[in-house]
Amino acid sequence: MGIPSDMELTELQHYVPLFSGCSPREWQGLEQIMAPQFVEAGEILFRQGEPCSAFYAVVHGMLKLRLEEPGIRRVVGFVQQGGTCGESAVFSGEGYAVTAVAVCDCELMAIPAFPFLRLTQRFPNLALRMLGWISQRYHAHLRNSTRLAMQNADQRVAAWLLHHAAPRAGALRVILPPRRIDLANLLCITPETLCRIMKRLRTQGLVSVEGDIVHVVKPEGLQAIIAGMRERPHPPETPPRDTTTPRISRA
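All letters in the sequence shown, in the order written, are residues 1 to 251 by the numbering used here.
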């Protein structure tokens, strides 16, 4: 991977939603402070709780966001081309909220925190757009959490595929994480369940799979699954209830 060219920097402004509304002067200021950064597969970009030194835009590759608590590591999201991460920590002052790990070799653009904050003093609208973007992400996370609690396994997979499908050459394409267990972890299902559902979607002709690339052939079919219009053979995977204490009935 090489340093992004001027053409790639121009494209970066268009395919990163956080930057797409920048004025020419704002974008010029961002270009002056951002710098390319490369991380290898498996490398940790930043750790949960660390002071925020920068936030990042993904030019090529994929990052995994992981929540880490004592004895627990849980995947809470993926950041692909055009996505950003770490921006909320720029304003919170509490360090990074999650740990970011490269799932493959990644080419990033790093926007250092303090120069960015100085830039927002010159361009207040830049800060307002960023806060608006952070708010949208927060509300999207709440909606996704609510859907996960209400959907069965098939609906979760269908919804994730549709949400991450991007148009490529007239078709919808999704890049899967190399480790399927990470996606299963995100969707709160087992890897075996994920494999069965993907196989069923292929058999039904809704998707085709080439390695880590999923082509969405019939998006309306995935929509039907989400809407509950197809048979739902798998109930939501939830922890079993505690039945150790029997109910005592009174005469």
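We treat Cβ as the ideally placed atom computed from N, Cα and C, and that holds for glycine.
| Item | Value |
| --- | --- |
| With burial defined as no fewer than 16 other Cβ atoms inside 10 Å of the residue's Cβ, what is the status of F114: buried or exposed? | exposed |
| Name the one or two DSSP bridge partners that R173 has. | A166 and H215 |
| If we ignore side chains and look at the alpha-carbon of each, how far apart do A110 and I44 end up? | 14 Å |
| For R147 and L201, what's the separation of their Cα atoms in angstroms? | 20 Å |
| Would you mind giving the Cβ-Cβ distance between Q81 and V98, rounded to the nearest angstrom? I have them listed as a contact below 8 Å. | Not confirmed; about 19 Å, so no contact. |
| Can you tell me the Cα-Cα spacing of R47 and A100, whole angstroms? | 6 Å |
| What does the Cβ neighbour count give for L142, buried or exposed, with the cut at 16 atoms within 10 Å? | exposed |
| Per DSSP, what are the beta-bridge partners of T84 in this structure? | A57 |
| According to DSSP, which residues form a beta bridge with F46? | A100 |
| Are the beta-carbon atoms of L108 and P36 separated by less than 9 Å? | yes |
| Use the C-beta contact count for E220: other C-beta atoms within 10 angstroms, 16 or more gives buried, fewer gives exposed. | exposed |
| Write down the C-beta distance between P178 and V79 rounded to the nearest angstrom, noting that I regard them as a contact closer than 8 Å. | Not quite, the Cβ-Cβ distance comes to about 15 Å (not below 8 Å), so this is no contact. |
| Thinking C-alpha only, which one of K218, C106, D154 and Q13 is nearest A41? | C106 |
| Given a cut-off of 9 Å on the beta-carbon distance, is the pair S20 and Q28 in contact? | no |
| For T190 and A184, what's the separation of their Cα atoms in angstroms? | 6 Å |
| Can you tell me whether R129 is buried or exposed, with buried defined as 16 or more other CB within 10 angstroms of its CB? | buried |
| Could you pull the DSSP bridge partners for M109 from this structure? | P36 and A57 |
| For L126 and F116, I'd like the C-alpha separation in whole angstroms. | 9 Å |
| When you compare only the Cα positions, how much space is there between G211 and M198? | 12 Å |
| Thinking L172 and V216 are a contact (beta carbons under 8 Å), I'd like their distance in whole angstroms, please. | 4 Å |
| Buried or exposed: where does E26 fall if 16 or more other Cβ atoms within 10 Å of its Cβ makes it buried? | buried |
| In terms of residues, what are the limits of the beta strand (DSSP E) holding G21? | Neither: G21 is in no beta strand (DSSP E) and is coded neither H nor E. |
| Name the two residues that bound the continuous alpha helix (DSSP H) containing V148. | Sequence inspection shows Leu at residue 148; the Val mentioned does not correspond to that position. Segment P124 to M150, the alpha helix (DSSP H) holding L148. |
| Among residues of its own chain, excluding the 5 on either side of E94, which ones have a beta-carbon nearer than 7 Å to its beta-carbon? | none |
| When you compare each of A166, S92 and Q155 to S135 by their alpha carbons, which one comes out closest? | S92 |
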